[in-house]
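Novice: Residue numbering for the sequence shown follows the working numbering, starting at 8 and increasing by one per position. Note that beta-carbon positions come from the ideal geometry of N, C-alpha and C, so glycine has one too.
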Amino acid sequence: MYSKSKVGLVLGAGATRGLAHLGVLQVFQEHGFEFDCVAGSSVGAIFGALYAAGIDFKWLEKLAKELKEEKLLDFAVPRWGLIRGQRIEALVRTLIKGLSFSQLKIPLYVVAVDVEKGELVVIEEGGVADAVRASIAIPGIFVPKRLNGRLLVDGAVLSPVPVEVLSQRGVEKVIAVDVNYSVIEKDVGKVTNLFHLLFRSLAITGYAISRKSLERADLVISPDVGHLNPARLNKVSECIEIGRQAALEILPELKLIFNNSIDESKLIR
Numbered sequence: 008m009y010s011k012s013k014v015g016l017v018l019g020a021g022a023t024r025g026l027a028h029l030g031v032l033q034v035f036q037e038h039g040f041e042f043d044c045v046a047g048s049s050v051g052a053i054f055g056a057l058y059a060a061g062i063d064f065k066w067l068e069k070l071a072k073e074l075k076e077e078k079l080l081d082f083a084v085p086r087w088g089l090i091r092g093q094r095i096e097a098l099v100r101t102l103i104k105g106l107s108f109s110q111l112k113i114p115l116y117v118v119a120v121d122v123e124k125g126e127l128v129v130i131e132e133g134g135v136a137d138a139v140r141a142s143i144a145i146p147g148i149f150v151p152k153r154l155n156g157r158l159l160v161d162g163a164v165l166s167p168v169p170v171e172v173l174s175q176r177g178v179e180k181v182i183a184v185d186v187n188y189s190v191i192e193k194d195v196g197k198v199t200n201l202f203h204l205l206f207r208s209l210a211i212t213g214y215a216i217s218r219k220s221l222e223r224a225d226l227v228i229s230p231d232v233g234h235l236n237p238a239r240l241n242k243v244s245e246c247i248e249i250g251r252q253a254a255l256e257i258l259p260e261l262k263l264i265f266n267n268s269i270d271e272s273k274l275i276r
């Protein structure tokens, strides 16, 4: 284990495909990689918050395998969205023990979009669970989150993989995890329902937006999850394993980045 200069982690959007983040983070923990900060959009904000709070991702895998869609989704009268999102927010709040941003182990930047002003919002203070709930508010599916006088929706609307958030904050090396890249090629066939239509549309838009953003990352990890249904929790184990394999494949490049970022004066042998 060693201390280093700034190396940041970015976790991207992707609905339930984002469970691949869990597998990636497990590999990071197992190999002793510790990031100085993390930014997340949508489901990436969930796992970013859990990482910043110091959650054990081996333990979290057991919990993830027990999650049922009907226990997480609280359907609403569809004025603002089909799902209230209160159950997911409550789960995140419980897992991180109600922490605020200032209480986290490392800085966290949660990305959302002010739908009224049409601008990106980076949340880095206040209650973490509130920020995460705003970041996952997929338009038309989740009810938007009113926070600090803003009406906020999913960060993926403008920044599916918010590499620029860390770049703008002077982070020297940025590692990005993108769970959306393979969707356009692998998620093919007829659109069969409303959820598939919405997720497919967001994936196409997100792919176009994130390509330029990902060019600014020093290393991109791209779990091959495009064949998995982004609205279902029936392939949890497979999704996590795909994330693990994607992280293991880039270990040499990751080690090189960390080795080049070591602060020799703080090296712990």
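Name the residue from L209, I249, E171 whose alpha carbon lies nearest to the alpha carbon of L26.
Specialist: Nearest of L209, I249, E171 to L26, Cα basis: I249.
Novice: L233 bridges to which residues according to DSSP?
Specialist: Here the sequence assigns Gly to residue 233, which means Leu is not the residue at that position. Its beta-bridge partners do not exist; DSSP assigns none.
Novice: Please return the same chain residues whose Cβ sits closer than 8 Å to the Cβ of V45, not counting the five positions on each side in sequence.
Specialist: The answer, listed in chain order, is G15, L16, V17, L18, G55, Y58, A59, I113, P114, L115, Y116.
Novice: Got a sec, what are the start and stop residues for the alpha helix (DSSP H) A144 sits in?
Specialist: From DSSP, A144 is part of no alpha helix (DSSP H); its letter is neither H nor E.
Novice: Please identify the residue among K242, V128, I90, V135 whose C-alpha is closest to the C-alpha of G105.
Specialist: Among K242, V128, I90, V135, the Cα nearest to that of G105 belongs to V135.
Novice: Which residues in the same chain have their Cβ closer than 6 Å to the Cβ of R223, if we skip the five residues on either side of it in sequence?
Specialist: Counting only Cβ-Cβ distances below 6 Å, and skipping sequence neighbours, we find V170, S174.
Novice: Which residue's Cα is closest to the Cα of L159: S220, S244, R176, A144?
Specialist: It is A144.
Novice: Report the option in V50, I95, I90 whose CA atom is closest to the CA atom of L74.
Specialist: When only C-alpha atoms are compared, the closest one is I95.
Novice: For T101, count neighbouring C-beta atoms within 10 Å of its own C-beta (all shown protein chains included) and say buried if the count is 16 or more, exposed if not.
Specialist: With fewer than 16 Cβ atoms within 10 Å of its Cβ, T101 is classed as exposed.
Novice: From S1 to L226, what does the alpha carbon distance come to, in whole angstroms?
Specialist: Summary: the structure shown does not reach residue 1, with the chain confined to residues 8 through 276, and so no result is reported for it.
Novice: Quick check on the burial criterion: 16 or more other C-beta atoms within 10 angstroms. Buried or exposed for H2?
Specialist: Nothing in the structure corresponds to residue 2, since the chain is present only between 8 and 276.
Novice: Ignoring anything shorter than 4 residues, give me the alpha helix (DSSP H) runs that lie fully in the segment 81-116, in order along the chain.
Specialist: DSSP runs (the alpha helix (DSSP H)) wholly in the segment 81-116: 93-102.
Novice: Return the residue from the list L67, V139, G133 that minimises the CA-CA distance to A119.
Specialist: Out of L67, V139, G133, V139 has the C-alpha closest to the C-alpha of A119.
Novice: Assuming contact is defined by CB atoms lying nearer than 8 Å, are A238 and A22 in contact in what I supplied?
Specialist: Yes, these two residues count as a Cβ contact at 8 Å.
Novice: Can you name the start and end residues of the beta strand (DSSP E) that I228 belongs to?
Specialist: Element bounds for I228: 226-228.
Novice: What did DSSP end up calling V150 once you bin it into helix, strand or coil?
Specialist: If DSSP states are grouped into helix, strand and coil, V150 belongs with coil.
Novice: Which of the three DSSP states, helix, strand or coil, is assigned to D137?
Specialist: Correct three-state label for D137: helix.
Novice: L154 to A141, Cα distance in whole Å?
Specialist: Approximately 8 Å, taken between the alpha carbons.
Novice: Are the Cβ atoms of R24 and V232 separated by less than 8 Å?
Specialist: Yes, the Cβ-Cβ distance between R24 and V232 is below 8 Å.
Novice: Can you tell me the Cα-Cα spacing of F206 and S217, whole angstroms?
Specialist: So the alpha carbons of these two residues sit roughly 16 Å apart.
Novice: Around the C-beta of G125, are 16 or more other C-beta atoms found within 10 angstroms, so that it is buried, or is it exposed?
Specialist: Counting Cβ neighbours within 10 Å, G125 comes out exposed, since fewer than 16 surround it.
Novice: Closest to A163 by C-alpha separation, out of N200, I103, V50, P151, would be which residue?
Specialist: The residue with the shortest Cα to Cα distance from A163 is V50.
Novice: Quick check on the burial criterion: 16 or more other C-beta atoms within 10 angstroms. Buried or exposed for W66?
Specialist: Classification for W66: exposed.
Novice: Taking the alpha carbon of K152 as the reference point, which residue from V31, V122, E131 has its own alpha carbon closest?
Specialist: K152 has its Cα closest to that of V122, out of V31, V122, E131.
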